Amino acid sequence: MAGSDDRPVLTLGHSPDADDMVMWWPLVGMKDPEGRPVDGPEGTPAIVSDRFSFQTIPDDVQRLNRRAIERGDLDITAISAHAYPYLKDRYRITRSGASMGEGYGPKLVVQRDIPAETPEALFESRTPVVAVPGVHTTAYLTLRLLLGRDFEVREMLFSEIPGAVAEGEVDAGLLIHEAQIAFEQLGLRRLMDLGESWSIAHKLPLPLGLNVLKRDLDDRYGSGSVDEVAELLGRSVRHAREHSGASKRFLLLHSEARPEWRDEALVDRYLAMYVSGLTLDMGEPGRSALELLLGEGFRAGLSPDPGHIDLAG
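For what it's worth, our numbering labels the leading residue of the sequence shown as 13, then goes sequentially.
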């Protein structure tokens, strides 16, 4: 797809949570909830390429996973780390843009007055029903690996899970995005922090979300395009981190749909967790963590062979 200035427009899918929102505004400029550029210099891209422009497409992470697996039409997209083995032939992981749980991660939660104190206690009388944000999410894979047993899965949008647990529609829920911080305000109680348990067991971060780009960019736009685009993505993440005040103003602009973004302390905590140094460049620690997680998933029969993990950028 070409824009009005004849530069190719690369489509960039991302989830609607705070870390993905702030990482990419430097590439496209800040836009209001109706998609209009804001007034002033922040309404234009801070990171500019003479070869490419970008169009961001926000969507639920499980829908992005399925889109990348089934259609593969987005040039760049966020995915769950668990989804990578299903699309490895089409997409390549970028060094920047990953979300890593460094001793923290998705939370398994129950109603506050449920007597269970451990995940295993949920299985005492029957197989529990657990709401998950998608079977291709890393949260789901990690819970299966840590529990080592089956449970009844109820897939739903990540934003619907806290309410489903609070209303007793399911026995437990797996929380991702900002809800993993705000769950106590919703009357829920933690049974397990998956990132904490994973770190204790394996001494490595838990790879949660990845950023991937199409392997055929070199064929379409010339040799070196994959690495050039990956470098632009890294510059965008760096700019967002270095201009945290602007990034938080951008979230406030969109806070009518996400009122939790008006809580500056929550936003600061969440961005510190998931727009970290490993987000800027996962490096060998990130690659090793991916090899461990996806290798464990393959050996457990829960996902395909991830093969060699090659990073772009």
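C-beta atoms are modelled at their ideal positions from N, C-alpha and C, and glycine is treated no differently.
Just so we're clear, the structure is a prediction, and the values are computed from it rather than from any experiment.
- Shown here, ALA184 sits in a strand according to DSSP, grouped into three states.
- GLU308: member of the alpha helix (DSSP H) spanning 295-311, first to last residue.
- Counting every other CB atom within 10 Å of its CB across the protein chains shown gives GLY234 a total below 16, marking it as exposed.
- Under DSSP, ASP205 takes part in a beta bridge, and its partners are LYS119.
- The continuous alpha helix (DSSP H) containing SER248 extends over residues 237-254.
- One thing to note: ILE173 has its Cβ no nearer than 8 Å to the Cβ of LEU153.
- The alpha carbon of THR89 has as its nearest neighbour, out of GLU82, THR68, PRO97 and ALA312, the alpha carbon of THR68.
- Following the DSSP letters along the chain, one finds GLN192 inside the alpha helix (DSSP H) bounded by residues 191-194.
- Within the model, the alpha-carbon separation for TRP273 versus TYR286 is close to 15 Å.
- Between GLY257 and ALA312, the alpha-carbon positions lie close to 44 Å from each other.
- Here DSSP, grouped into helix, strand and coil, assigns LYS226 to strand.
- Per DSSP, reduced to three states, the secondary structure at THR291 is helical.
- If you ignore the 5 residues before and after PRO38, its C-beta comes within less than 7 Å of the C-beta of PRO57, ALA58, ILE59, SER248, HIS251 and ALA252, all in its own chain and listed in chain order.
- Taking each of PRO70, ARG202, ALA301 and VAL40 in turn and checking the Cα distance to THR150, the smallest one comes out for ALA301.
- GLU276 counts as exposed, since fewer than 16 other C-beta atoms from the protein chains shown sit within 10 angstroms of its C-beta.
- Under DSSP, the beta-bridge partners assigned to ILE105 are VAL224 and LEU323.
- With a contact defined as Cβ atoms closer than 8 Å, GLY221 and ALA93 qualify at about 7 Å.
- For GLU164, the enclosing beta strand (DSSP E) begins and ends at 164-167.
- Counting along the chain, the unbroken alpha helix (DSSP H) around ILE81 starts and ends at 73-82.
- Comparing C-alpha distances from LEU216 to each of SER267, MET294 and ALA194 shows the shortest one belongs to MET294.
- In the DSSP assignment, VAL144 falls within the unbroken beta strand (DSSP E) covering 141-144.
- Minimum Cα-Cα distance from LEU264 among the listed residues ARG19, ASP17, ASP44 and ASN77 corresponds to ASP44.
- The shortest CA-to-CA distance from GLU114 to any of MET204, GLU208 and ASP85 is the one to GLU208.
- When SER171, GLU164, LYS100 and ALA324 are compared, the shortest CA-CA separation from ARG270 is found for SER171.
- C-alpha of PRO53 to C-alpha of HIS255: approximately 13 Å in a straight line.
- Distance between PRO316 and ILE105, taken at the CA atoms: about 16 Å.
- Per DSSP, ALA90 is one residue of the beta strand (DSSP E) stretching across 88-92.
- The Cβ neighbour count for HIS320, taken over all protein chains shown within 10 Å, is under 16; the residue is labelled exposed.
- Under DSSP, GLY113 takes part in a beta bridge, and its partners are LEU218.
- Each residue's CA atom was taken as its position, placing ASP72 and ASP18 some 30 Å apart.
- The count of Cβ pairs closer than 8 Å, one atom from the region 223-241 and one from the region 125-143, stays below three, leaving the stretches out of contact.
- Per DSSP, the unbroken alpha helix (DSSP H) holding VAL177 starts and ends at 173-178.
- Look at PRO28 here: in three-state DSSP terms it is coil, with no helix or strand label.
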